[in-house]
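The structure appears right after this line, and notes come after that.
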Amino acid sequence: MAKLKDSSVAEILGVSEDNPRTNGDIISLTLGIVRQNPDGVTAKMVADATGVTERRSRDILKELVMRREIYDREVPGIKSKLYYPNGKLVHKYLQTSKEFGHQTFRLSLHEGKRVPRLQIQERKFSLLNGETVEGAIFVDSDHAREMAEFIIETMNKFEIQDPGKGVFVR
Amino acid sequence: MRQSTIVITKKVERAQLGQWVCMSKELNGGISSLMPYFKGPEDIEVLLRNRELLSKNQPVELCGLTAHSMMKKVMGLEDLLRGEVLGNPYLDFAKDHPVVMSFPSEFIWTGAQQGLDSFKKELVEGLPRTSLGIGKDEGLEIADTLTNLASKSGNTMLFWDEVVNTKYEQLPLTRILIEWSVTSAIRCRAKAMSGFVPIIDGKIPSSVSSAHKINLAYADVLNDRTESNIPMCFYTLDINPSMFKPDEVEPLHKMVTNANAALNSQMYDGVHVHIRGLQGISKTQGRINSVKWFIERLSDVCNNQMLPLWWSNANVIGLSGLDHGVSMASMRINASTSDELFFGGSTSHDEDNKFGKVLNVVMKDCWGVGQVKKAIACAKGLPEFDTFAVDYDSIDTKKDRQYRLGFSKPYNMAAISFLDEDWKNHIDQGEVRPGESYLKDFTPYGGWGA
Chain L
78 MAKLKDSSVA EILGVSEDNP RTNGDIISLT LGIVRQNPDG VTAKMVADAT
128 GVTERRSRDI LKELVMRREI YDREVPGIKS KLYYPNGKLV HKYLQTSKEF
178 GHQTFRLSLH EGKRVPRLQI QERKFSLLNG ETVEGAIFVD SDHAREMAEF
228 IIETMNKFEI QDPGKGVFVR
Chain C
36 MRQSTIVITK KVERAQLGQW VCMSKELNGG ISSLMPYFKG PEDIEVLLRN
86 RELLSKNQPV ELCGLTAHSM MKKVMGLEDL LRGEVLGNPY LDFAKDHPVV
136 MSFPSEFIWT GAQQGLDSFK KELVEGLPRT SLGIGKDEGL EIADTLTNLA
186 SKSGNTMLFW DEVVNTKYEQ LPLTRILIEW SVTSAIRCRA KAMSGFVPII
236 DGKIPSSVSS AHKINLAYAD VLNDRTESNI PMCFYTLDIN PSMFKPDEVE
286 PLHKMVTNAN AALNSQMYDG VHVHIRGLQG ISKTQGRINS VKWFIERLSD
336 VCNNQMLPLW WSNANVIGLS GLDHGVSMAS MRINASTSDE LFFGGSTSHD
386 EDNKFGKVLN VVMKDCWGVG QVKKAIACAK GLPEFDTFAV DYDSIDTKKD
436 RQYRLGFSKP YNMAAISFLD EDWKNHIDQG EVRPGESYLK DFTPYGGWGA
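The listed protein sequences correspond, in order, to chains L and C. Just add 77 to the spot in the first sequence (first one is 1) and you have this note's numbering. Just add 35 to the spot in the second sequence (first one is 1) and you have this note's numbering.
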């Protein structure tokens, strides 16, 4: 048995080239597997690839669906759900977050079939659960400005004078 | 990767005044501070009820071994404490005061049951929150394994040698422990954290290398994360008193060399040092000299990189540390003279432990409840501060919790802030070693004085 003093950092962290299961956390690894398989994967396939139980794999996939990182579909003739990737992040730096009071919104640009897609993810920080994803929407990037104008237009209808001070409904 | 720096505005010999800043984390905390250390749920309640007793931007240290219990407490107090504040009072507090979270591992060395119980509780709560995909049942299983290993490990490195070799679904328990502590620090919005590392002991020379290895692993994990709320990483030295022999500094060289190499790697934002058994060390001048030598060498290492040196849980001895180049020194708000984190409190039978001590900055002593009762009888004897007026009639000496919550702990917070400000004022006027000058007749730490 190797003593801690003789162990490498890779051994302490369980990182090895032969064992992708330990190269990073299980949630990132699951996301990576789904992204590498755009034709869809099942929870069992993910479980086999990561070495976790099928139940755990399903829980993690469900969490990723909630985050809108992936989506699921029930395919006729197949008992299990199939999981597909939403578009990959275009670039690491095209991802930014901003806090608005209790809410945090993360904007990120993802690859899409026609044009890149803007993902607006709502996150919430609570002392009970830490940071959690509440949900997300996708907007095709060529409609993102129109979407922003649509929001402003809607807010104007309600006469938002100063978002920092209050909302007056006509 | 290193993110912060210290900006020195005034220096008197080794003592320095200035700021610890990090633009990306909106960090701007005063250095050369004596600051409060908050150990558990009761302490966090005292903090949030009395935050006005802290100086502006004053950093604070929280014990990570009770992180989840503390946050649960905060949740329970949310409505009570909200007042004018929009949102959660703790989150509001953490924006104004840099929080540093530390994970002392002394209970693994001592095998203290209270520490082991708390450790297990925190693991059960915290493991499913990590990004490792650990479920509740699996978390309980891992917590059991870790606690069992810890309970057998007293005075040895057995726990640490076992956890690196014990795997849970191909993941070593060392990795799980690191991820658990990082998750706890993120949950508490800590700006920086020191790791859960093995205690370095004089009788086990390899413990220096073991602690260094875990420190390297922490830097690796924290540097790998890209989220904006990841705490900065301190190189951590958690040391047993056996390392400090009278006027003998040879065993200390390796720790200084390791810390220097670590900071040179630009992976850390400072050094966090915790020395156990300061009360025992204080009885022998030669051992005090060894600690001072060690602190000065670490201060040199940190100053070369313009990074802070943090002396954790140092009691008023921290004032001597500040004279010798420590950037920040913390002190528990029960003014305990013991360095054990998991003894005392409401489960103790000893009255002084149960009620806690009161720091009398004028008498230079830590008063037990008996002395406070005498002061109440003649309505004098306890120094007052601008931020804290003593109302002798309202001090409840019958119920220990009321006494600690309503009087002794808030009073000590005010006393710590007073000493902090007083030390800074003396340095600002160019006085040499004001901390040691103050300590020379402080019971029982006079040996640290000039």
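Beta carbons are placed, not taken as given, at the ideal position from N, Cα and C, and that holds for glycine.
Give the interface partners of residue i over in chain C, defined as CB-CB distance under 9 Å, in chain order.
| i | result |
| --- | --- |
| E226 of chain L | None at all; the shortest Cβ gap to chain C is about 29 Å. |
| R79 of chain L | Correcting the residue identity first, residue 79 of chain L is Ala in this sequence and not Arg. Chain C residues near A79 of chain L: D196, V199, N200. |
| G128 of chain L | E204, Q205 |
Give the residues of chain L in contact with residue i, contact being defined as C-beta atoms less than 9 Å apart.
| i | result |
| --- | --- |
| G353 of chain C | Here the premise fails: no neighbours, minimum Cβ distance about 29 Å. |
| R210 of chain C | I89, L90, G91, V92, T99 |
| M192 of chain C | K80, L81, K82 |
| S347 of chain C | Under the 9 Å cutoff, chain L gives no residues; its nearest Cβ is about 22 Å from S347 of chain C. |
| S277 of chain C | Going along chain L, no residue has its Cβ under 9 Å from S277 of chain C, so there is no contact; the nearest lies around 18 Å. |
Report the option in the options whose CA atom is closest to the CA atom of residue i.
| i | options | result |
| --- | --- | --- |
| T181 of chain L | L:E199, L:G189, L:G109 | L:E199 |
| K444 of chain C | C:W402, C:I411, C:I462 | C:W402 |
| T101 of chain C | C:H132, C:M136, C:Y473 | C:M136 |
| H309 of chain C | C:I330, C:R322, C:K318, C:S300 | C:I330 |
| A254 of chain C | C:V306, C:E141, C:G99 | C:V306 |
| N293 of chain C | C:L313, C:I249, C:S277 | C:I249 |
| S157 of chain L | L:G164, L:E146, L:E131 | L:E131 |
| H247 of chain C | C:D127, C:S229, C:R260 | C:S229 |
| H179 of chain L | L:Y160, L:K201, L:P193 | L:K201 |
| G117 of chain L | L:I104, L:S105, L:L106, L:R150 | L:R150 |
| P162 of chain L | L:K139, L:T127, L:K234, L:A79 | L:K139 |
| M58 of chain C | C:T201, C:Y480, C:Q93, C:K226 | C:K226 |
| S104 of chain C | C:D127, C:M267, C:S186, C:I79 | C:I79 |
| T478 of chain C | C:N395, C:R468, C:D426, C:K433 | C:N395 |
Taking Cβ-Cβ distances shorter than 8 Å, what residues in chain L pair up with residue i?
| i | result |
| --- | --- |
| I101 of chain C | Just to set this straight, residue 101 of chain C is Thr in the shown sequence, not Ile. Under the 8 Å cutoff, chain L gives no residues; its nearest Cβ is about 14 Å from T101 of chain C. |
| S371 of chain C | Under the 8 Å cutoff, chain L gives no residues; its nearest Cβ is about 27 Å from S371 of chain C. |
Looking at the structure shown, is residue i part of a helix, part of a strand, or coil, going by DSSP?
| i | result |
| --- | --- |
| S84 of chain L | coil |
| A213 of chain L | strand |
| C98 of chain C | strand |
| A296 of chain C | helix |
| F194 of chain C | helix |
| G353 of chain C | helix |
| L52 of chain C | strand |
| G321 of chain C | helix |
| I239 of chain C | strand |
| A79 of chain L | coil |
| D400 of chain C | strand |
| A120 of chain L | helix |
| K108 of chain C | helix |
| T99 of chain L | Note that T99 of chain L has pLDDT 49, beneath the 50 cutoff, so the model's placement of it is unreliable and no number is given. |
| L69 of chain C | strand |
| G379 of chain C | Unreliable positioning characterises G379 of chain C in this predicted model, as indicated by a pLDDT of 48, which lies under 50. The coordinate reading is nonetheless provided below. Residue state, collapsed to three classes: coil. |
| V81 of chain C | helix |
| E113 of chain C | helix |
| A414 of chain C | coil |
| R194 of chain L | strand |
Interface residues of chain L around residue i at Cβ under 7 Å?
| i | result |
| --- | --- |
| Q38 of chain C | Result: empty, since nearest Cβ-Cβ is about 17 Å, beyond 7 Å. |
| S244 of chain C | K82 |
| S104 of chain C | Here the premise fails: no neighbours, minimum Cβ distance about 12 Å. |
| S229 of chain C | Near S229 of chain C there are no residues of chain L at all, since even the closest Cβ is about 17 Å away, more than 7 Å. |
How about residue i: is its C-beta nearer than 7 Å to some C-beta of chain A?
| i | result |
| --- | --- |
| V152 of chain L | This model lacks chain A altogether; the protein chains it does include are L and C. |
Give me the chain C residues within the contact set of residue i, using Cβ-Cβ distance strictly less than 8 Å, ordered along the chain.
| i | result |
| --- | --- |
| I103 of chain L | S166, L167, G168 |
| S185 of chain L | Per Cβ cutoff of 8 Å: no residues; S185 of chain L is ~12 Å from chain C at best. |
| V86 of chain L | K248, L251, A252, D255 |
Under 7 Å, do residue i and residue j count as touching if we go by C-beta distance?
| i | j | result |
| --- | --- | --- |
| I462 of chain C | L52 of chain C | yes |
| V199 of chain C | I89 of chain L | yes |
| L81 of chain L | D387 of chain C | no |
| P76 of chain C | I451 of chain C | no |
| V393 of chain C | Y446 of chain C | yes |
| N258 of chain C | M302 of chain C | yes |
| L344 of chain C | S362 of chain C | yes |
| L69 of chain C | L454 of chain C | yes |
| R145 of chain L | A213 of chain L | yes |
| L83 of chain C | L116 of chain C | yes |
Applying a beta-carbon distance threshold of less than 7 Å, which residues of chain C neighbour residue i?
| i | result |
| --- | --- |
| I137 of chain L | G168 |
| R133 of chain L | G168, G170 |
Report yes or no: do three or more beta-carbon pairs, one from the region 121-131 of chain L and one from the region 277-291 of chain C, lie closer than 8 Å? No, the region 121-131 of chain L does not touch the region 277-291 of chain C.
Does the region 363-371 of chain C come close enough to the region 317-330 of chain C to have 3 or more Cβ pairs within less than 8 Å? The answer is no - the region 317-330 of chain C does not touch the region 363-371 of chain C, with fewer than three Cβ pairs under 8 Å.
contact_flag[the region 473-481 of chain C, the region 417-424 of chain C] where n(CB pairs < 8 Å) is 3 or more: Put simply, the region 473-481 of chain C does not touch the region 417-424 of chain C. Fewer than three CB pairs are less than 8 Å apart.
Between the region 161-173 of chain C and the region 122-142 of chain C, do at least 3 Cβ pairs fall closer than 8 Å? no
For the region 294-303 of chain C and the region 202-217 of chain C, state whether three or more C-beta atom pairs, one from each stretch, are separated by less than 8 Å. Judged by Cβ distances under 8 Å, the region 294-303 of chain C makes no contact with the region 202-217 of chain C, as fewer than three pairs qualify.
Check whether the region 228-245 of chain C and the region 272-281 of chain C touch, using three or more Cβ-Cβ pairs below 8 Å as the test. yes
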